[in-house]
Amino acid sequence: MKKPPLLSVNQLKTHFYLDKNRVAKAVDGVSFTVSPGETVAIVGESGSGKSITALSIMQLIEKPGKVVEGSIHLHDKEISNLPSKQMTKLRGNEIAMIFQEPMTALNPVFTIGNQIVEMLRKHRKMEKKQAKIEAINLLKTVGISRAEEVVNEYPHQLSGGMRQRAMIAMAISCNPKLLIADEPTTALDVTIQAQILDLMVEMKEKFNMALLLITHDLGVVSEYADRIIVMYGGQVVEEAKAKELLRTTEHPYTKGLLESLPNLKEDVDRLGTIKGTVPPAYDLPSGCRFYDRCPFAMEKCKQTNPPLYQINDNHTVRCYLHEKEDIK
Ligand SMILES: Nc1ncnc2c1ncn2[C@@H]1O[C@H](COP(=O)(O)OP(=O)(O)O)[C@@H](O)[C@H]1O
Ligand SMILES: [Mg+2]
Numbered sequence: 001m002k003k004p005p006l007l008s009v010n011q012l013k014t015h016f017y018l019d020k021n022r023v024a025k026a027v028d029g030v031s032f033t034v035s036p037g038e039t040v041a042i043v044g045e046s047g048s049g050k051s052i053t054a055l056s057i058m059q060l061i062e063k064p065g066k067v068v069e070g071s072i073h074l075h076d077k078e079i080s081n082l083p084s085k086q087m088t089k090l091r092g093n094e095i096a097m098i099f100q101e102p103m104t105a106l107n108p109v110f111t112i113g114n115q116i117v118e119m120l121r122k123h124r125k126m127e128k129k130q131a132k133i134e135a136i137n138l139l140k141t142v143g144i145s146r147a148e149e150v151v152n153e154y155p156h157q158l159s160g161g162m163r164q165r166a167m168i169a170m171a172i173s174c175n176p177k178l179l180i181a182d183e184p185t186t187a188l189d190v191t192i193q194a195q196i197l198d199l200m201v202e203m204k205e206k207f208n209m210a211l212l213l214i215t216h217d218l219g220v221v222s223e224y225a226d227r228i229i230v231m232y233g234g235q236v237v238e239e240a241k242a243k244e245l246l247r248t249t250e251h252p253y254t255k256g257l258l259e260s261l262p263n264l265k266e267d268v269d270r271l272g273t274i275k276g277t278v279p280p281a282y283d284l285p286s287g288c289r290f291y292d293r294c295p296f297a298m299e300k301c302k303q304t305n306p307p308l309y310q311i312n313d314n315h316t317v318r319c320y321l322h323e324k325e326d327i328k
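Position 146, counted from 1, in the sequence shown is what my numbering calls 146; the numbers after and before it change by one each time, with no gaps.
Below, the structure written as structure tokens:
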């Protein structure tokens with residue numbers, strides 16, 4: 001039997017009120033779930049609404065942005081309207097998030113150790129001395145061999161990869177059930193990228209977490225994710241189990257993403273990239289949001305935005321080429 005979801009996002013809409021006449025619909029009716037222990041990837045080009053989805057879950061949307069519709073449940077608990085004090089407690093304890101550039105999430109004026117110690121004192125009510133020992137243990141757990149030294153170092157003294165390891169140590173310090181990683185390896189060298197992804201998967205298994213992995217690079221997640229959600233123009237356009245999505249890709253946009261990946265077998269650099277750009281969130285077309293870039297576009301696609309069609313229990317696609325299927 002399928003486990004009930006850990007996280008369940010339902011019809012989420014997060015809009016930015018830019019000025020009197022312009023509303024940026026950054027996230028525009030997104031639904032998905034993450035089960036305990038599962039690795040779910042959200043992919044899509046820059047500007048498709050991935051980060052705003054994650055920040056909405058964390059209640060970290062700032063003005064002029066606002067979650068205007070939908071619900072977010074952690075197990076059975078609605079968390080989109082939690083008072084800020086309760087949300088602060090939940091962030092860290094139950095959901096932790098790591099970002100592309102750990103320099104912005106780490107405080108430059110405190111040592112790595114200090115920042116982990118703070119988390120442990122605040123969330124796990126540890127004594128200072130005990131927390132420092134635990135901080136060193138955590139740094140060792142994430143593969144930092146000089147943990148006794150690194151604990152006394154400042155963020156700028158570490159390499160990008162080491163900083164991301166330290167961020168992961170901080171994120172797992174309170175044993176969250178869900179780790180959200182927004183482009184965690186985008187700023188890193190290719191060789192380090194794989195190490196950090198491997199580490200996250202190792203930590204996920206060791207600490208029994210679920211992982212929501214956000215990236216613009218379908219190539220990065222294909223071997224790590226159980227399920228892949230493809231976003232475009234603030235909406236989900238395709239979702240399936242990872243293997244199925246890669247094998248039987250249905251949405252023309254997902255096909256485009258796959259075709260633009262470097263081909264590892266033959267020695268070619270890049271196949272064609274998808275022409276054009278993601279529509280701006282304040283100026284979305286009324287029809288399919290991928291219409292002007294789609295090689296299969298029909299007249300109908302220009303008129304109305306297609307709903308999500310259900311190809312099978314685990315596979316949905318927002319495209320009129322699948323009109324004969326049931327609407328989800
Ligand atoms: N603070 C903001 N004010 C106005 N628009 C925003 C803001 N943050 C994000 N957006 C818009 O929301 C859309 C989605 O952004 P984002 O979620 O950051 O995309 P992604 O993470 O997929 O690259 C983009 O069109 C972006 O311009
Ligand atoms: Mg982003």
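All C-beta atoms in this analysis are idealised placements derived from N, C-alpha and C, irrespective of residue type, glycine included.
Chain-order list of residues whose beta-carbon lies under 7 Å from that of Pro279 (same chain, five-residue window excluded): Here the question's residue 279 lines up with position 279 in the sequence shown. Within the same chain, Pro279 has close Cβ partners Gly233, Pro285 and Arg289.
Closer than 7 Å: Glu183 CB and nearest ligand 2 heavy atom: For the purposes of this step, residue 183 is identified with residue 183 of the sequence shown, where counting begins at 1. Yes - ligand 2 has a heavy atom lying nearer than 7 Å to the Cβ of Glu183.
Span of the alpha helix (DSSP H), counted from its first residue to its last, around Lys13: Here residue 13 is taken as the residue at index 13 of the sequence shown, counted from 1. It is not in any alpha helix (DSSP H) - Lys13 instead sits in the beta strand (DSSP E) that spans Leu7 to Asp19.
Pick from His216, Asp198, Leu178 and Met209 that is closest to Ala187, judged by C-alpha positions: Counting from one through the sequence shown, the residue named residue 187 turns up at place 187. Among His216, Asp198, Leu178 and Met209, the Cα nearest to that of Ala187 is on His216.
Runs of alpha helix (DSSP H) lying entirely within the segment 203-240, each at least 4 residues, in chain order: 218-221
8 Å contact criterion, which Thr248 and Lys255 should meet: CB distance rounded: The residue labelled residue 248 in the question sits at position 248 within the sequence shown. The residue labelled residue 255 in the question sits at position 255 within the sequence shown. Contact doesn't hold; Cβ gap of about 11 Å is too wide.
Three-state class that DSSP yields for Tyr253 in the structure shown: Looking up residue 253 in the sequence shown gives position 253. Note: Tyr253 maps to helix in three-state DSSP.
Beta-carbon proximity check, Met119 vs Ala54, cutoff 8 Å: By one-based count along the sequence shown, residue 119 stands at place 119. By one-based count along the sequence shown, residue 54 stands at place 54. Against a cut-off of 8 Å, the Cβ pair of Ala54 and Met119 comes out as no contact.
heavy atom of ligand 2 below 7 Å from Ser51 C-beta: Indexing the sequence shown from 1 puts residue 51 at position 51. At least one heavy atom of ligand 2 is nearer than 7 Å to the Cβ of Ser51, so yes.
Span separating the alpha-carbon of Leu24 from that of Gly65: Counted from its first residue, the sequence shown places residue 24 at position 24. Counted from its first residue, the sequence shown places residue 65 at position 65. Looking at the sequence shown, residue 24 is not Leu but Ala. So the two alpha carbons sit approximately 9 Å from each other.
Chain-order list of residues whose beta-carbon lies under 8 Å from that of Gly374 (same chain, five-residue window excluded): No statement about residue 374 is possible, as the shown extent of the chain runs from 1 to 328 and does not include it.
C-alpha gap between Phe207 and Val27, whole angstroms: The residue labelled residue 207 in the question sits at position 207 within the sequence shown. The residue labelled residue 27 in the question sits at position 27 within the sequence shown. In a straight line, the C-alpha of Phe207 is about 31 Å away from that of Val27.
Short Cβ contact (8 Å threshold) for Leu139 with Ala181: By 1-based counting over the sequence shown, the position of residue 139 is 139. By 1-based counting over the sequence shown, the position of residue 181 is 181. Going by C-beta atoms, Leu139 is not nearer than 8 Å to Ala181.
Any non-hydrogen atom of ligand 1 closer than 7 Å to Pro280 Cβ: Taking the sequence shown and counting its residues from 1, the one referred to as residue 280 is at position 280. Pro280 Cβ: within cutoff of ligand 1.
Contact under 8 Å by Cβ, Ala210 with Lys177: Against the sequence shown, residue 210 aligns to sequence position 210. Against the sequence shown, residue 177 aligns to sequence position 177. Yes, the Cβ-Cβ distance between Ala210 and Lys177 is below 8 Å.
Inter-residue Cα distance where the pair is Ile112 and Met203: Here residue 112 is taken as the residue at index 112 of the sequence shown, counted from 1. Here residue 203 is taken as the residue at index 203 of the sequence shown, counted from 1. Roughly 19 Å separates the two Cα atoms.
Cβ-heavy atom distance, Ala194 to ligand 1, below 7 Å: In the sequence shown, counting from the first residue as 1, residue 194 sits at position 194. Checking every heavy atom of ligand 1 against the Cβ of Ala194, none is found closer than 7 Å.
Whole-number beta carbon distance between Gly49 and Gln11, since they are thought to touch under 8 Å: As a position in the sequence shown, residue 11 is number 11, starting the count at 1. As a position in the sequence shown, residue 49 is number 49, starting the count at 1. Rounded, the Cβ-Cβ distance is 14 Å, inconsistent with contact.
Beta-carbon gap between Val221 and Ala41 smaller than 8 Å: For this step, residue 221 is matched to residue 221 along the sequence shown. For this step, residue 41 is matched to residue 41 along the sequence shown. Cβ distance < 8 Å, so Val221 and Ala41 count as in contact.
Buried or exposed (CB count within 10 angstroms, at least 16 for buried), Ser173: For the purposes of this step, residue 173 is identified with residue 173 of the sequence shown, where counting begins at 1. Under this definition Ser173 is a buried residue.
Contact belief for Pro5 with Val43 at Cβ below 8 Å, rounded distance in angstroms: In the sequence shown, the residue the question calls residue 5 occupies position 5. In the sequence shown, the residue the question calls residue 43 occupies position 43. Incorrect: roughly 20 Å between the Cβ atoms, too far for contact.
According to DSSP, residues forming a beta bridge with Ile72: Taking the sequence shown and counting its residues from 1, one reaches residue 72 at position 72. DSSP output for Ile72 lists Val9 as bridge partner(s).
8 Å Cβ cutoff met for Glu183 and Gln100: Looking up residue 183 in the sequence shown gives position 183. Looking up residue 100 in the sequence shown gives position 100. Cβ distance < 8 Å, so Glu183 and Gln100 count as in contact.
Burial state of Arg332 (16 or more Cβ within 10 Å): No information on residue 332 is available, as it lies outside the stretch 1 to 328 that the chain covers here.
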